[in-house]
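Each remark here refers to the structure printed beneath this line.
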Amino acid sequence: MPPFTDFEIALLNRAGCAPSMMMPNSWTLVGGFEALCNFHRVEATVEAFFYFFQMNFPQKGAWFYFQARGRGPHAKKLFRDLRDPPKDWKKDFFLVRPRRGCQPTWWLREDGTSLFPTKWVEPFEAIPRPVLKGCSATTQETVRVLSALPPGLDIDDYFITDENGGKFNPARILALTKREEAKHGKSRSADRSGSSSAHHSRPRGDPRDEDPKKGHGKGHSGHSGGKGKVSVSIGSKASGLPSHKRRHGKDAELRSPSPKRVKVPASAPESGGKDGSSLPVSRVPVATATEKRPQGSDATTRRGVIKLCEEGVEKEKALLAAEKELEQLRPEVVSLRSNEQLLKVQLENAQKELKVWKDRSSALDEENKALRRAKESAVDGQRKLVANHSSLMGEYESLLQRFREASSENAQLEDALEEERERL
69 MPPFTDFEIA LLNRAGCAPS MMMPNSWTLV GGFEALCNFH RVEATVEAFF
119 YFFQMNFPQK GAWFYFQARG RGPHAKKLFR DLRDPPKDWK KDFFLVRPRR
169 GCQPTWWLRE DGTSLFPTKW VEPFEAIPRP VLKGCSATTQ ETVRVLSALP
219 PGLDIDDYFI TDENGGKFNP ARILALTKRE EAKHGKSRSA DRSGSSSAHH
269 SRPRGDPRDE DPKKGHGKGH SGHSGGKGKV SVSIGSKASG LPSHKRRHGK
319 DAELRSPSPK RVKVPASAPE SGGKDGSSLP VSRVPVATAT EKRPQGSDAT
369 TRRGVIKLCE EGVEKEKALL AAEKELEQLR PEVVSLRSNE QLLKVQLENA
419 QKELKVWKDR SSALDEENKA LRRAKESAVD GQRKLVANHS SLMGEYESLL
469 QRFREASSEN AQLEDALEEE RERL
């Protein structure tokens with residue numbers, strides 16, 4: 069897996085600092101920003117990163133870290149604080165340098181120049197916040213999409229978790245896939261050019277260049293000396309084949325005529341092939357002169373042996389062709405594996421996106437339920453208010469009736485009082 073993505077390399081070059089100068093929390097922040105952009109299908113650019121974050125140096129010439137731009141309520145925090153940030157990491161801090169004569173691809177380019185600064189430096193000035201009008205269209209799109217997100221996202225939701233619980237940036241897998249495809253594309257073209265040249269310039273002495281018909285011809289010439297050398301011709305034919313074809317010769321030897329039917333002299337020499345290899349020929353006692361041989365048995369035997377050898381050669385040719393096709397298919401298999409990893413990453417992103425939409429849907433459902441409950445409570449309150457209003461109106465009517473009765477009684481009492489006064 070590549071230690072640095074293209075975005076991280078561009079960020080280090082823009083900051084002008086070595087990778088070891090950045091604190092581990094900031095590396096997590098950089099990976100989370102790239103994973104967030106990858107999740108929302110926008111490109112992570114250095115300008116967009118410095119639109120949301122800024123560099124801070126607690127001490128000059130020391131480690132630096134990134135934090136959200138702005139202070140207080142004006143700060144745009146894409147992520148909430150880390151759950152378990154690494155602590156006491158300076159105790160395990162170490163430096164890395166390439167071995168003499170080595171040229172690591174994650175450190176150096178093909179021309180030998182470094183991909184990023186390798187020495188600790190002291191930045192002379194802070195990196196200002198970029199102006200969107202002067203940025204590229206890609207950066208403007210990235211800033212537009214990320215600015216529309218709610219603040220305080222959980223950075224762990226955008227990392228991929230492996231079987232051991234480790235979390236890493238999915239953009240690294242995408243970078244690895246692209247690099248593997250580019251590398252295998254070059255190797256595939258080189259393999260094709262090498263295979264085309266191998267057809268025209270094959271080294272001498274290659275067993276595949278041997279013509280099986282030549283061995284058959286030698287078998288015929290060896291047999292033309294007499295009828296008693298049939299087994300010798302068979303051994304020569306088997307030993308004349310290459311080392312990887314001897315098993316077909318052994319099959320032919322096993323299927324040769326039995327000693328009772330073949331006249332073989334006791335002092336028959338063992339024949340060898342071109343490559344110096346030979347197969348042992350069993351010495352058979354000389355048959356009596358009175359033993360008769362069926363007519364055409366030698367020709368039939370030779371034809372059978374030649375046919376078996378030709379079949380063996382054809383099988384070997386088919387095997388070599390299959391091996392060659394397998395070699396040509398290996399880069400495609402590697403590419404398919406890389407595509408499989410890419411599809412896994414895309415599947416995980418889709419699952420996370422589906423989870424986000426499900427969470428949003430559940431949140432909307434909860435809001436709708438809360439609104440329904442509020443509406444029902446408002447309706448109930450309205451009903452209670454109407455009932456209270458009607459009861460108050462009834463009480464008001466009864467009080468008004470009592471007031472009228474009291475007023476009439478008061479008027480009667482005043483009239484009676486006036487009459488008493490007149491009497492007196």
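Here our numbering = 1-based position in the sequence shown + 68.
The beta carbon of each residue, even a glycine, is placed where N, CA and C say it ideally should be.
Check whether residue i and residue j have beta carbons under 8 Å apart
| i | j | result |
| --- | --- | --- |
| V413 | P172 | no |
| M89 | W131 | yes |
| L80 | P71 | no |
| S182 | W175 | yes |
| E416 | I228 | yes |
| K145 | G99 | no |
Own chain partners of residue i with C-beta closer than 8 Å, once the 5 adjacent residues on each side are dropped
| i | result |
| --- | --- |
| L410 | I241, L242, T245 |
| A194 | Q122, M123 |
| A484 | none |
| W425 | none |
Residues near residue i in its chain [Cβ-Cβ closer than 7 Å; skip 5 each side]
| i | result |
| --- | --- |
| D222 | R148 |
| A78 | V114 |
| K281 | Interpretation of K281 is limited by its pLDDT of 42, a score under 50 that renders its predicted location unreliable; the figure taken from the coordinates is listed afterwards. Around K281: no qualifying Cβ. |
| E249 | S403, S406 |
| P153 | N93 |
| Y464 | none |
| R441 | none |
C-alpha distance - residue i paired with residue j, whole-angstrom precision
| i | j | result |
| --- | --- | --- |
| L468 | S475 | 10 Å |
| K437 | P218 | 22 Å |
| D179 | R212 | 38 Å |
| R491 | N478 | 20 Å |
| N93 | R151 | 11 Å |
| R137 | A112 | 17 Å |
| A455 | A418 | 54 Å |
| Q480 | V447 | 49 Å |
| A386 | L376 | 15 Å |
| S459 | E434 | 37 Å |
| P399 | E408 | 14 Å |
| D74 | K420 | 24 Å |
| D427 | F101 | 21 Å |
| E444 | A431 | 20 Å |
| G372 | E393 | 31 Å |
| R470 | H457 | 20 Å |
| R165 | T206 | 36 Å |
| T210 | L453 | 53 Å |
| R370 | K383 | 20 Å |
| K423 | R167 | 46 Å |
| R82 | S204 | 16 Å |
| W95 | Q450 | 57 Å |
| C170 | K159 | 28 Å |
| E473 | M461 | 18 Å |
| A367 | V381 | 21 Å |
| A390 | K235 | 42 Å |
| F162 | K155 | 16 Å |
| E488 | S466 | 33 Å |
| D224 | L388 | 51 Å |
Neighbourhood of residue i by C-beta, 6 Å cutoff - its chain only, sequence neighbours within 5 removed
| i | result |
| --- | --- |
| P104 | It is Leu, not Pro, that sits at residue 104 in the sequence shown. Closer than 6 Å at Cβ, skipping near neighbours: Y226. |
| L97 | F134 |
| E91 | The residue you asked about is not Glu; residue 91 is Met in the sequence shown. Excluding positions up to five away in sequence, the list reads W131, Y133. |
| E482 | none |
Residues bridged to residue i (per DSSP)
| i | result |
| --- | --- |
| L176 | S182 |
| F147 | L221 |
| A136 | F121 |
| I228 | F236 |
| M90 | F132 |
Cutoff 8 Å: residue i Cβ touching any chain C Cβ
| i | result |
| --- | --- |
| M91 | The displayed structure is made up of one protein chain only, and chain C is not part of it. |
With a cut-off of 8 Å, do at least 3 Cβ pairs link the stretch 173-191 to the stretch 104-111? No, the stretch 173-191 does not touch the stretch 104-111.
Tell me, please, whether the stretch 198-206 touches the stretch 110-123 by the rule of three or more beta-carbon pairs shorter than 8 Å.
Counting Cβ pairs under 8 Å, three or more are found: they touch.
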